[in-house]
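Written out below as structure tokens is the structure these notes cover.
Residue numbers (my numbering), protein chains in the order written: chain A, 259 to 637; chain B, 26 to 481.
Set out below in structure tokens:
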């Protein structure tokens, strides 16, 4: 017979991992009226959630993800009302650009395919695009414009959801690393390295690149890699570049993207990724990648070549083998849910994932189609 | 990378002596220096077409400066010297350097970093007004370009450099309006006991003060800075409280500021050397053994870039680090050479601690700064914003505060404001400053042009 310590903290739901997904789920679970304990190893939003590019982009996503992305975008627009701050979200528009005919045809096809999902894109020739966005470089020949997308500040968004969750009554416990999760007949028991113990009938694993090992401990392993994005930022200059600009190239090195924040700095990323170190909790930023990005950034916006890079960074992101996240219920353990491995495209989805997972956990169902993201696809 | 060269970064006193010792052992080191001419900060050389005498430029230190320059010039044919070149990052293949628009990857077997130090700045209301400079900048203007920051500058802060720069300005024909030192006379007397080990250095300092006083420059001790005043967006005066708490004002046309030094440790950080908090200098620095070995077997540190002991110590530490590199690389180095250098440096250590005691970093001023005072000048972040990070946003350490409200997020990556920002964060959270940590370094160490290319 198991005896439980009387000081074990209990709740309806335990969330392991306080990234954007965990923090947003905690917030929306409180709105569903459930009690929540959010356990974060370090500080809320420090890993992939805090170091990514900050794209609030729907176009070029997997079509089956658009209902989730659409829901998320509606929440992004309402952030101030919902959590009391906007995380610097601006509906700046988003353009995907290409110099190649083949990639241009792909953009055109996507613009048709995504229409039934409620995403309206405008395809432009290079000249049409340059008339509207004069900063776009002369080599660009096809542009796909998504006017209702934009960008936000990843350093602010997840911590803001964490604070909002706490204000709403969630117990957000930071600097607490989970070392064991076990399931009794009724409940999950979560043990932490600092000797604490937590208990709940429902549990969500949203621990990013570290989620894979936790899922595997329940017998649900997946093809997975932990990689680091290669990000950088320039010195500020007057705010001129409205939309997020991304390359639609199918060549890895050419796939760079940039956005200008209102303070004036241009944030950029893309190209090759580094291999993350899950133990050190760091991904290297390879300075040679910084060098490789430069000419391709200048192809998008030639004026950028006159600026200087002031900082580069990386972080730990989880990539699933088929480049789609793990999201939804466990296929083996009742009461267990997953929301991790967002493959470098989770930032836009964060609020929508939180709302959808909270719905699923609290009511057992959601109208957002999640089948393509179920972990069972790998079994 | 055992076959690769030994690299020396920096060509000041430490870097020069390190390179010299390596050459003596038959090596041909690569010497990478950010400056266009060798000499470092203290023995900075004037441009080629300037012709002031060493005595005029370096005062009491003229002989040392000349020796360092001459010795380096003799080394030139036997080293791979790369002036005007900045090490901005570290890749698996070597150090990333940039000269103009040319990026070069420099592989190394071992590297000695002698990156020196910069002024430690304590913000004060008005410190970002045009006409307010760091002491180092005031000195560079004078040494390199024969320009003064003003006709009647105020020098404010603490430390021996305050008096040296004021004296140099006096020699150059300026009329310093005042020297305002936060260190009280009684505090300085305490440090003096340790400093007695280097009587000549103390005597020089006393001479500078006496010369300044004789010329009518007012020297105030134990002051509390209040504000740098501006008129027409140009420095017009300084207000401060004297040691008895009376509010005082002095008119001036420029201010040179500095509160001791801070080591330039970014490269050691990028190379993943282990850091420790040094309670004597109240700042984080790479851990080194007494020969300059870091936690990483191929990285060595020397000079003010790791321990703030001044130029004479830097020369000895540079030679010592080179000896360690040689011995670790299988060259024979006599024990007596190590012993002699250790003995020299023991005196310098004692003296350095005395200086830190005599002219302490006035950490308490940071906690008392008005909320609206700009602290991070690159990003225009005020003390109030850092306190908001500490309180409302619950940032327990500097990198989290930077992520949330941006102190240290700009061009200089917090080299200017980081230590003061840490004091503000620590004061707001009521913890010792070491507990709020230090800003992590990110490449590029200095801004890197986006139009540069890799030269093989």
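Even for Gly, the Cβ is constructed at its ideal location relative to N, Cα and C.
To the nearest angstrom, how far is it from the Cα of residue i to the Cα of residue j?
i                      : j                      : result
residue 369 of chain B : residue 223 of chain B : 11 angstroms
residue 327 of chain A : residue 161 of chain B : 53 angstroms
residue 531 of chain A : residue 458 of chain A : 37 angstroms
residue 50 of chain B  : residue 317 of chain B : 18 angstroms
residue 219 of chain B : residue 308 of chain B : 21 angstroms
residue 59 of chain B  : residue 86 of chain B  : 23 angstroms
residue 307 of chain A : residue 421 of chain B : 19 angstroms
residue 502 of chain A : residue 356 of chain A : 14 angstroms
residue 285 of chain A : residue 418 of chain A : 10 angstroms
residue 319 of chain A : residue 291 of chain B : 39 angstroms
residue 259 of chain A : residue 447 of chain A : With a pLDDT of only 45 at residue 259 of chain A, under the threshold of 50, the placement of this residue in the model should not be trusted; the figure read from the coordinates follows. C-alpha separation (whole angstroms): 15 angstroms.
residue 337 of chain A : residue 344 of chain A : 5 angstroms
residue 612 of chain A : residue 494 of chain A : 33 angstroms
residue 262 of chain B : residue 210 of chain B : 24 angstroms
residue 143 of chain B : residue 466 of chain B : 16 angstroms
residue 278 of chain A : residue 202 of chain B : 55 angstroms
residue 353 of chain A : residue 429 of chain B : 28 angstroms
residue 42 of chain B  : residue 412 of chain B : 44 angstroms
residue 200 of chain B : residue 80 of chain B  : 20 angstroms
Just checking: is the beta-carbon of residue i within a distance shorter than 8 angstroms of some beta-carbon in chain B?
i                      : result
residue 544 of chain A : yes
residue 338 of chain A : no
residue 492 of chain A : yes
residue 549 of chain A : yes
Kindly identify the DSSP beta-bridge partner or partners of residue i.
i                      : result
residue 585 of chain A : A/597
residue 180 of chain B : B/204 and B/281
residue 300 of chain B : B/311
residue 456 of chain A : A/267 and A/448
residue 313 of chain A : A/409
residue 380 of chain A : A/403
residue 222 of chain B : In the DSSP output, where bridge partners are listed per residue, residue 222 of chain B has none listed.
residue 603 of chain A : BP columns for residue 603 of chain A are empty, so no partner.
residue 76 of chain B  : Answer by DSSP bridge pairing: none, since residue 76 of chain B is not bridged.
residue 578 of chain A : A/482
residue 265 of chain B : B/250 and B/273
residue 431 of chain A : A/297
From what residue to what residue does the alpha helix (DSSP H) around residue i run?
i                      : result
residue 108 of chain B : Here residue 108 of chain B belongs to no alpha helix (DSSP H), and DSSP marks it neither H nor E.
residue 619 of chain A : 608-621
residue 472 of chain A : 469-475
residue 403 of chain B : Careful: residue 403 of chain B lies outside any alpha helix (DSSP H) and carries neither H nor E.
residue 515 of chain A : Here residue 515 of chain A belongs to no alpha helix (DSSP H); instead the beta strand (DSSP E) covers 514-518.
residue 361 of chain B : 360-383
residue 165 of chain B : 160-170
Assuming residue i is part of the beta strand (DSSP E), what are its boundary residues?
i                      : result
residue 449 of chain A : 446-450
residue 275 of chain B : 272-276
residue 250 of chain B : 249-256
residue 438 of chain A : 436-441
residue 121 of chain B : 119-124
residue 192 of chain B : That residue, residue 192 of chain B, is in no beta strand (DSSP E); its alpha helix (DSSP H) goes 185-196.
residue 389 of chain B : Residue 389 of chain B -> not in any beta strand (DSSP E); alpha helix (DSSP H) instead, spanning 389-392.
residue 354 of chain A : 352-356
residue 334 of chain A : That residue, residue 334 of chain A, is in no beta strand (DSSP E); its alpha helix (DSSP H) goes 324-335.
At a Cβ threshold of 8 angstroms, is residue i touching chain A?
i                      : result
residue 140 of chain B : no
residue 324 of chain B : no
residue 261 of chain B : no
residue 481 of chain B : no
residue 116 of chain B : yes
residue 164 of chain B : no
residue 438 of chain B : yes
In the stretch 461-477 of chain B, which residues sit with their C-beta less than 8 angstroms from some C-beta in chain A, listed in chain order?
467, 468, 469, 472, 473, 474, 475, 476 and 477
_Output needed in chain order: residues of the stretch 119-131 of chain B with a Cβ under 7 angstroms from some Cβ in chain A._
Per Cβ criterion, the list reads 121 and 128.
* Asked: Which residues, in order along the stretch 553-578 of chain A, keep a beta-carbon less than 9 angstroms from a beta-carbon of chain B?
  -> 553, 555, 556, 562, 563, 564, 565, 566, 567, 568, 569, 570 and 571
TODO: Compile a chain-ordered list of the residues in the stretch 288-308 of chain B whose CB is closer than 8 angstroms to at least one CB of chain A.
DONE: none
- Task: Note down, in chain order, all residues in the stretch 400-428 of chain A with a beta-carbon under 8 angstroms from any beta-carbon belonging to chain B.
- Result: Per Cβ criterion, the list reads 413, 414, 417 and 421.
### Near-chain B residues of the stretch 299-328 of chain A (beta-carbon distance less than 9 angstroms), N- to C-terminal order
301, 303, 304 and 308
Quick one: which residues of the stretch 423-435 of chain B get their C-beta closer than 8 angstroms to a C-beta of chain A? List them in chain order.
Per Cβ criterion, the list reads 425, 428, 429, 434 and 435.
Using a Cβ-Cβ cut-off of less than 9 angstroms, list which residues of the stretch 53-79 of chain B approach chain A; keep chain order. Listed by position, the residues of the stretch 53-79 of chain B near chain A (Cβ gap below 9 angstroms) amount to none.
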